[in-house]
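Asker:
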Amino acid sequence: MTAYRINHLSELENESIYVMREVAAQFENPALLFSGGKDSIVMVHLARKAFWPQKLPFTLAHIDTGHNFEETLVYRDKLVEELGARLVVGSVQSSIDEGRATEESGFNASRNVLQTVTLLDTIEKYKFDVAIGGGRRDEEKARAKERFFSHRDEFGQWDPKNQRPELWNIFNGKKRVGEHFRVFPLSNWTEMDVWQYILQENIEMPSLYFTHRRKAFLRDGVWLAWAPFMKLKPSETVIEDDFRCRTIGDITCTGLSPSKADSLVDIIREIAATRVTERGGRSDDRRSEAAMEDRKREGYF
Amino acid sequence: MFETDFSSEAYLNMQLLRFTTAGSVDDGKSTLIGRLLYDSKSIFEDQLEAVERDSIRRGNEQINLALLTDGLRAEREQGITIDVAYRYFATPLRKFIIADTPGHIQYTRNMVTGASTSNLALVLIDARNGVYEQTIRHSYIAHLLQIPHLIICVNKMDLMEYSEETFNKIREDFLAMSAKLSIPDLRFLPISALNGDNVVHPSENMPWYTGPTLLHLLETIDITSDLNRIDPRFPVQYVIRPISDEFHDYRGYAGRVAGGSFAKGDHIIALPGMKESTIESIDLFETSVPQALTSESVTIRLTDDIDISRGDMIVKKGNLPSVNQEIDIMICWFNEKPLNPAGKYIIRHTSREARCLIREIDFKMDINTLEHNRKDLTIGMNDIGKIRIKTTQPLFFDSYFKNRITGSLVLVDEGTFETVAAGMII
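Residue numbers (the working numbering), protein chains in the order written: chain U, 10 to 310; chain V, 148 to 573.
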């Protein structure tokens, strides 16, 4: 028992729970950004642990691109019902219809970038003063510079060269009217930590993470899920095979792994052996060396 | 690649070591981190490909491993590290979190930040230059922030023909210089980050060095006594009061143990009210645990209904922290606007918030000579000094030397809300 309680997963859990409680104590109206992906599922689990037997002191906010995997929405609605939580949905489609965002065109069209507009609109509409996100520093090099408590100005912008120093476990969430914070309780977790924790805690995961038959096509070395609204280049053909999702985001830019992993232990083995980062399958990050930094500056997750 | 099963019991039970690296770009710090990640196979193919592409584009002859850690556009363009970057890797023995901090003088605040949560610091010295001002500065910060373990890596040994004499000279110079510092665990290592000597693999070029490699040290240094396990401290973060039929009378104090341990049945005192009670239960999501140890996040319930809120502290009878409003601290200043001796600041200490004014500035530290300057008492950006503050409410604290959590605080500007200083209670 003692050995179990000092391991790296417990240490990460203790840290994340501490951060969640700081958010609840320091802010008036917190939102937890829930995408239905594994990181946000782990965040909800940690939040339950942090406040049990009280209900979550956070509103769940889903930024919906309209290009979801169906399974994600089913999982989301079931979880919300179980928790008795409040859910708000910000719709990218509405942002486009209202002329606040412009749909990309061409083969690589994605609503990923457009989410920033909807995210900021949602934060403003519901007057959230903090949005808790599942971002991890190991995901991407711009994220590696991120604070736990990340200050955003009134335009929702991140200024990576002028961040507040963050020392020990003291978090400064003070802000002026109109500004908000993004908080990242999973900052210090790696992809492997997340899966090991899911295994240790026996957390139920959406079926998309496990092997399943799916129609897909190969583009620039990345397998993409096929959906009726996706444009194929003449050289691309749709095949059907065993795949699993390594990350779950908007369907247009979520890479698939050819995989037969049908259990958590299989997934952990597969990650241990893999030689490509999980975001290696995200075509949104491949746009340029600083694609993530540029999006984050403007207010992305 | 590891052939081990990452889902096995041993892999779910690894220790976590946090370390920071100090040194300038020229000392080869980013190259060393790149080497650790590369040789321990923690770099993925797509990351390596991206770095290769970038290196070629910039006209570098070899793969520039520094590009792995410099994540911001400005850093990559200017070839410098601006902000603390966190990196992660694991070996079959431990998980590691690296706080990679810039070595330039204007970025002292970043090194202090990285040092605040670290078990261990790596300080790099260029074998060609030996010990100089920057080495002293970095070692002083490691001492000030009380990082338990310090490893001095004498790098670029390849450029000094792997000379034992050079290494010994640098070690002696360092020991002479650091006599004034308290560094509990100090080690020296001759390496070449560029070629990998003594980083992950033992060096064939330095048969005179028979000690462990850097990675071996990182994997085996004992960190179990790095936390205060003696003096029980529980700053209350949040009060859990579910308004539900099932848990109608539930009242739990949520927090993270900042020192020592607490067990069911312990007699406690709640500060500042000095009210006594007994621990009825320590809750951890649907279950109770017999005890809570340092750094664990739990919820404590008491047998008596006493008034406790965020910012209060639960301690044990017979082991009280200091309770005072006049406090001597060492501060490191982070803001372009210097410390205003007549100003008031918001103070954040554990879960407690108060305001403070500056009673006295005792001295400014010359971190190149380690002399106390009592003539020029302007505390500006990146300056370190000793001051006395007076707070609007009493704080419950230990000396930083005794406990890095209950002994640390930050000052926040009342106008801009920026974090302007880190303080270590003397």
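Glycine residues also receive a C-beta, built at the ideal position from the N, C-alpha and C atoms.
Predicted, not measured: the structure shown is a model, and the values here were computed from it.
With 16 as the cutoff for other CB atoms within 10 Å, does N211 of chain U come out buried or exposed?
Answerer: The residue in question, N211 of chain U, is exposed, as its Cβ has fewer than 16 Cβ neighbours within 10 Å.
Asker: Rounded to a whole number of angstroms, what is the C-alpha to C-alpha distance between R535 of chain V and I505 of chain V?
Answerer: If I take the Cα positions, the gap works out to 6 Å.
Asker: Excluding the 5 residues preceding and the 5 following M477 of chain V in the sequence, name in chain order all residues of the same chain whose CB lies nearer than 6 Å to its CB.
Answerer: Within the same chain, M477 of chain V has close Cβ partners K533, M571.
Asker: To the nearest angstrom, how far is the alpha carbon of Y547 of chain V from that of E473 of chain V?
Answerer: Between Y547 of chain V and E473 of chain V, the C-alpha separation is close to 16 Å.
Asker: Tell whether a beta-carbon distance below 8 Å holds between L195 of chain U and G143 of chain U.
Answerer: In this structure, G143 of chain U lies closer than 8 Å to L195 of chain U by Cβ.
Asker: Do you know how far the Cα of F243 of chain V is from the Cα of A237 of chain V?
Answerer: Approximately 6 Å, taken between the alpha carbons.
Asker: Given this structure, state the Cα-to-Cα distance separating E150 of chain V from T283 of chain U, to the nearest angstrom.
Answerer: In this predicted model, E150 of chain V has a pLDDT of only 44, less than 50, meaning its place in the structure is not dependable enough to derive any value.
Asker: At a cut of 8 Å, does the segment 251-261 of chain U reach the segment 43-55 of chain U through at least three beta carbon pairs?
Answerer: Yes, the segment 251-261 of chain U is in contact with the segment 43-55 of chain U.
Asker: Report whether the distance from the Cβ of R204 of chain V to the nearest heavy atom of the ligand COA is below 7 Å.
Answerer: With respect to the ligand COA, the structure offers nothing, as it holds no ligand at all.
Asker: Could you tell me which residues DSSP puts in a beta bridge with G264 of chain U?
Answerer: Answer is U:L233.
Asker: With DSSP run on the structure shown, which of helix, strand or coil describes L328 of chain V?
Answerer: Coil at L328 of chain V, not helix or strand.
Asker: Using the rule of at least 16 other Cβ atoms within 10 Å of the residue's Cβ for burial, across every protein chain shown, is P337 of chain V buried or exposed?
Answerer: Flag for P337 of chain V reads buried.
Asker: With the cut-off set at 8 Å, would you say D251 of chain U and K224 of chain U are in Cβ contact?
Answerer: Cβ distance not < 8 Å, so D251 of chain U and K224 of chain U don't count as in contact.
Asker: Would P39 of chain U count as contacting chain V if we go by Cβ distances under 8 Å?
Answerer: No, no contact with chain V.
Asker: If we count the other Cβ atoms within 10 Å of its Cβ and call it buried at 16 or more, is Y13 of chain U buried or exposed?
Answerer: Any answer about Y13 of chain U is weak, because its pLDDT of 34 lies below 50 and its placement is not dependable; what the coordinates show is given next. The residue in question, Y13 of chain U, is exposed, as its Cβ has fewer than 16 Cβ neighbours within 10 Å.
Asker: What residues of chain V sit near W61 of chain U, judged by a beta carbon separation below 7 Å?
Answerer: Result: F432, E433.
Asker: Only counting the same chain, and skipping five residues up and downstream in sequence, which positions put a Cβ closer than 8 Å to that of R241 of chain V?
Answerer: M161, Q162, L163, L164, L365, E366.
Asker: To test your reading of the DSSP string, which unbroken alpha helix (DSSP H) runs of 4 or more residues are found completely within the segment 94-141 of chain U?
Answerer: Segments of the alpha helix (DSSP H) lying fully in the segment 94-141 of chain U: 101-106, 124-134.
Asker: Any C-beta of chain V within less than 8 Å: which residues of the segment 26-51 of chain U qualify?
Answerer: Flagged, chain order: I26, Y27, R30, E31, A33, A34.
Asker: Just the Cα atoms here: how many angstroms apart are G406 of chain V and V28 of chain U?
Answerer: Approximately 18 Å, taken between the alpha carbons.
Asker: Since T167 of chain V and A274 of chain V are thought to touch, with beta carbons under 8 Å apart, how far apart are those beta carbons, to the nearest angstrom?
Answerer: Not quite, the Cβ-Cβ distance comes to about 21 Å (not below 8 Å), so this is no contact.
Asker: Across the segment 25-40 of chain U and the segment 179-193 of chain U, are there enough close Cβ pairs to call them in contact, namely three or more that are closer than 8 Å?
Answerer: Result yes; three or more Cβ-Cβ pairs closer than 8 Å.
Asker: In chain order, which beta strand (DSSP E) runs of at least 3 residues are fully inside the segment 299-371 of chain V?
Answerer: Listed in chain order, the complete beta strand (DSSP E) runs (minimum 3 residues) inside the segment 299-371 of chain V are 332-337.
Asker: Less than 8 Å separating the beta-carbons of E163 of chain U and E188 of chain U?
Answerer: In this structure, E188 of chain U lies closer than 8 Å to E163 of chain U by Cβ.
Asker: In the DSSP assignment, find the alpha helix (DSSP H) that holds L207 of chain U and state where it starts and stops.
Answerer: Note that residue 207 of chain U corresponds to Ile in the displayed sequence, not to Leu. Run containing I207 of chain U: 200-210, per the alpha helix (DSSP H) assignment.
Asker: Please decide whether F166 of chain V counts as near chain U, where near means a Cβ-Cβ distance under 8 Å.
Answerer: F166 of chain V does not count as touching chain U.
Asker: Residues in its own chain within less than 7 Å of N38 of chain U by CB, not counting five upstream and five downstream?
Answerer: Answer for N38 of chain U: K136, F137, D138, listed in chain order.
Asker: Quick check on N16 of chain U: does DSSP put it in helix, strand or coil?
Answerer: Note: N16 of chain U maps to coil in three-state DSSP.
Asker: What is the DSSP secondary structure of F448 of chain V, reduced to helix, strand or coil?
Answerer: It should be noted that the sequence gives Arg, not Phe, for residue 448 of chain V. R448 of chain V: strand per DSSP, three-state reduction.
Asker: Cβ of A232 of chain V less than 8 Å from any chain U Cβ?
Answerer: Yes, A232 of chain V counts as interfacial toward chain U.
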